[in-house]
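Following: one structure in structure tokens, then a few remarks.
Numbering (our numbering), first residue to last: 10 to 68.
Put into structure tokens, the structure is as follows:
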């Protein structure tokens, strides 16, 4: 079975462009991919989450 059989949720985005994906309904199954390989999902209803991040310079 292909790792690309989705759906997936983005778990983490790394500064160098990699993205960690979490497979929905697959327990805690994750894998990292190049973020440029991802495509926007354009079917069905999307559940959106808002997040706020406080960015600070390192001490």
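Note that CB positions come from ideal geometry on N, CA and C, so glycine has one too.
These numbers were taken from a predicted model, which means no experiment stands behind them.
query: Considering only C-alpha positions, which residue in the set 26, 62, 46 and 19 is nearest to residue 7?
result: Given that the chain is displayed from residue 10 to residue 68, the structure contains no residue 7 and the question cannot be resolved.
- request: Less than 8 Å between the CB atoms is what I'm expecting for residue 30 and residue 39, so what's the real figure, rounded?
  value: The sequence position of residue 30 within the chain shown is 21, counting from 1. The sequence position of residue 39 within the chain shown is 30, counting from 1. About 6 Å separates the two Cβ atoms, so the contact holds.
query: How long is the line joining the alpha carbons of residue 51 and residue 17, rounded to whole angstroms?
result: Stepping through the chain shown from its first residue, residue 51 is reached at position 42. Stepping through the chain shown from its first residue, residue 17 is reached at position 8. If I take the Cα positions, the gap works out to 13 Å.
- request: State the start and end residues of the unbroken beta strand (DSSP E) segment that holds residue 27.
  value: Counting from one through the chain shown, the residue named residue 27 turns up at place 18. 27 to 32 is the span of the beta strand (DSSP E), which, as asked, contains residue 27.
message: Quick check on the DSSP output: the beta strand (DSSP E) that includes residue 51 runs from which residue to which?
response: Here the question's residue 51 lines up with position 42 in the chain shown. Per DSSP, residue 51 lies in no beta strand (DSSP E) segment and is marked neither H nor E.
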